[in-house]
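Worksheet for the structure shown next.
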Amino acid sequence: MTTSDSFLASGVAAFQKAGAQFVIPPEALQKKLARIRALIFDWDGVFNTGQKGEGVTSHFTEPDSMGSNMLRFGLWLPQESMPITAVITGVDNRSAMHLARREHFHDVYFSIRNKRIAVDHLCSAHGLRPDQVACLFDDINDLEMAQICGVRCLLPRAASPMFTHYVVSRGLADYVTGCGPGEHGVREFSEMVLAASGRYEQIVAARMTWNDPYQAYFTQRQAILTNFYTQKADQIRPASNIS
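Each residue of the sequence shown is one higher than the last, beginning at 6 in my numbering.
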């Protein structure tokens with residue numbers, strides 16, 4: 006039995022036991038994931054619960070940060086090519102910018118009213134097709150983005166069962182996490198993807214020992230300078246004066 010077959014035999018059940026839903030058959034999801042060359046994270050409701058207040062910037066957690074890093078390494082490993090990584094958010098959130106800089110994401114799109122045009126901009130800038138992009142999202146304002154991406158992961162909340170039904174019934178998600186907003190859904194998706202690739206144990210061992218492949222990945226990652234963009238009318242424009 007191959008490691009990929011092992012995922013189908015036992016890994017799928019482990020995620021389902023944790024409450025996850027494979028909207029498309031796991032075998033079909035594996036094929037879609039094999040094409041992925043870019044990751045897009047919504048911010049509020051994905052890295053956090055989406056809580057807001059005057060002067061409050063929504064946060065992130067280290068388990069999700071580690072998950073995003075291991076996911077990028079897992080996608081890097083087969084061709085030693087860095088997956089494009091971005092945050093697309095509807096607000097100006099300094100925590101998102103901090104994480105992106107710290108983890109050397111390629112791009113942050115903020116104050117975006119139409120996330121589909123941000124996806125189009127990202128694909129054009131990096132020579133990608135939408136079917137090569139995976140996105141993680143949680144709410145209605147993300148659906149135009151989910152509609153065109155190759156792999157779509159919904160982080161559901163108990164308060165929105167009708168929205169989850171809407172997304173699933175219209176084929177706008179391929180995977181629904183068992184862990185909702187604020188419950189480390191980014192980490193769950195990352196572990197599922199690595200397990201589906203058959204490389205989960207290899208990825209963990211590489212990071213634990215800081216071996217040569219991980220060092221090569223990390224060197225490439227650290228050389229990335231994060232770009233910042235925002236929306237002006239119906240255009241995506243570079244953002245200046247980001248502190």
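For every residue, glycine included, the Cβ atom is placed at its ideal position computed from N, Cα and C. Quantities reported herein were computed from a predicted structural model and do not represent experimental measurements.
- Shown here, ILE89 sits in a strand according to DSSP, grouped into three states.
- For ALA39 and GLU59, the gap between their C-alpha atoms comes out near 42 Å.
- Residue ASN232 holds the alpha-carbon nearest to the alpha-carbon of ALA123 among ASN232, ASN246, GLN227, THR66.
- CA-to-CA, the gap between PHE27 and TYR180 works out to about 5 Å.
- The three-state reading of DSSP puts GLN137 in helix, counting H, G and I together.
- Along the length of the region 93-154, whole beta strand (DSSP E) runs at least 3 residues long occupy 112-115, 138-142, reported in chain order.
- DSSP places PHE78 inside the alpha helix (DSSP H), whose first and last residues are 67-81.
- The alpha helix (DSSP H) runs lying completely inside the region 150-221 and spanning 4 residues or more are 166-174, 190-202, 205-214, given in chain order.
- The beta carbon of PHE12 lies closer than 6 Å to those of ALA200, ALA201 in the same chain, with the five residues before and after it left out.
- Taking 9 Å as the cut-off, the Cβ atoms of VAL17 and LEU141 do not count as close.
- Beta bridge pairing from DSSP links ASN232 with ASP112.
- Secondary structure note for PRO243: its beta strand (DSSP E) is the uninterrupted segment 240-243.
- DSSP places ALA43 in the uninterrupted beta strand (DSSP E) bounded by 43-46.
- If you draw a straight line from the Cα of MET167 to the Cα of LYS37, it is about 26 Å long.
- If you compare the alpha carbons of HIS189, ARG175, LYS22 with that of ASN53, the shortest gap goes to HIS189.
- Around the Cβ of ASN74, a 10 Å sphere holds 16 or more other Cβ atoms; the residue is buried.
- Nearest C-alpha to CYS184 among ASP10, LYS22, SER15, ALA14: LYS22.
- Measuring C-alpha to C-alpha distances from VAL113 to each of ARG192, PHE46, GLY24, ILE208 identifies PHE46 as the nearest.
- When C-beta atoms of the region 28-35 are compared with those of the region 101-113, fewer than three pairs fall below 8 Å, so the two segments do not count as touching.
- Taking C-beta atoms as the reference points, ALA228 and LEU133 fail to come closer than 9 Å.
- Within the model, the alpha-carbon separation for ALA211 versus ASP10 is close to 22 Å.
- VAL28 sits in coil when the DSSP states are folded into three classes, being neither helix nor strand.
- One thing to note: TYR222 has its Cβ within 9 Å of the Cβ of PHE78.
- It is roughly 25 Å from the alpha-carbon of PHE115 to the alpha-carbon of GLU193.
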